[in-house]
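Everything on this sheet refers to the single structure shown next.
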Amino acid sequence: TTKRRTVPAAPGAVSATSSGTSVKVTWSAPGDDGGSPVTGYEVTLGDGHQVEIADPDSRSTVFARLKDGTSYTARVR
154 TTKRRTVPAA PGAVSATSSG TSVKVTWSAP GDDGGSPVTG YEVTLGDGHQ VEIADPDSRS
214 TVFARLKDGT SYTARVR
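Numbered according to my numbering, the sequence shown spans residues 154 to 230.
Laid out in structure tokens, this is it:
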């Protein structure tokens with residue numbers, strides 16, 4: 154039998170570290186690729202900042218020029 158391909162699982166261990174007006178978001182690769190290659194990531198902050206990362210081996214990105222003292226929620230998919 155052939156295993157049916159599905160979308161990769163979500164990236165794991167998402168964390169964010171702030172430094173003044175910047176935030177570094179890091180993550181780990183999905184534990185299960187569903188039989189489909191991971192082609193990149195989309196990283197967003199709750200306020201609408203977003204970056205598309207085409208390198209599937211990338212595990213971090215930095216958002217700069219953010220509002221100091223503001224709380225942000227990071228999401229990686």
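The beta carbon of each residue, even a glycine, is placed where N, CA and C say it ideally should be.
Leaving out the 5 sequence neighbours to the left and right, which residues in its chain are closer than 7 Å to D186 when beta-carbon positions are compared? P161
Endpoints, beta strand (DSSP E) assigned at V215: S213 to F216
In its own chain, which residues sit with a C-beta less than 6 Å from the C-beta of A207, not counting the 5 before and 5 after it? G193
Please list, in chain order, all residues of the same chain as A163 whose beta carbon is under 7 Å from its beta carbon, the five residues on each side excluded. P183 and R230
Can you name the start and end residues of the beta strand (DSSP E) that R158 belongs to? Premise fails: R158 is in no beta strand (DSSP E) and is neither H nor E.
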